[in-house]
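> The structure's right below; bear with me while I get my questions together.
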Amino acid sequence: MSPLPARGRLKVIPDGWSAHARPTAYGFLTGDCSAFTVSPPGDWTPGGAGSPSYASKWEHAPCSAQFLTQSSRPVTVADGVEIIASHRISVPIASTWLHYGDTIQILDNPDDPALNGREFQVLVAESGTTNWTRDYLCQDVNGQEARAA
């Protein structure tokens, strides 16, 4: 049996396929969100004058936020403390990369308006997905504040 005659020249995925499909994939990102990180405090002290500064990662980016059901929530154990991701937030793969501890704020989420204005702390960044998005597993910061009060 001889090899295929087009060996080395056979294209499985045509040129321009990714750019052609990207708008459709981004169409599922119906929300709008911002992201920021807390800058090093410098001379700021808790309870003192002023406040910590925030460095914006992006002002507006399309996003999709979804609540993770109990059965799909990953649990991370660090230093004996369980950290449970409550939400998955997807943004375009071309967005500025976020890291552990960065914050995503949902500005507008037509799929679940109850999430509007809520803030989520990034726990894990997932990449390499096939839908042109970067997924962040996050913890609801608003819930932490309510429990601490």
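When we follow the UniProt record's numbering, the leftmost residue of the sequence shown carries the number 1, and every step to the right adds one. Beta carbons are placed, not taken as given, at the ideal position from N, Cα and C, and that holds for glycine.
(1) Here's the rule: buried if 16 or more other CB atoms are within 10 angstroms of the residue's CB, otherwise exposed. What is A85?
(2) Of the residues F36, L68, C63, T69, which one's Cα is nearest the Cα of A55?
(3) What residue from A19, P23, V124 has the CA that sits closest to I89's CA?
(4) Quick test of your reading: H60 and D102, contact by CB under 8 Å. State the CB separation rounded to the nearest angstrom.
(5) Go ahead and pull the three-state DSSP assignment for T24.
(6) Which residue wins for smallest C-alpha separation from L115, given the options D135, T133, I93, D140?
(7) Need the endpoints of the beta strand (DSSP E) that A61 sits in, please.
(8) Which residue wins for smallest C-alpha separation from A25, given the options V12, A94, S34?
(9) Which partner residues does A35 have in the DSSP bridge list?
(10) Kindly indicate the opening and closing residues of the beta strand (DSSP E) around S90.
Reading off the structure:
(1) buried
(2) F36
(3) V124
(4) Going by Cβ atoms, the distance from H60 to D102 rounds to 16 Å, so no, they are not a contact pair.
(5) helix
(6) D140
(7) 54-67
(8) A94
(9) W58, I104
(10) 87-92
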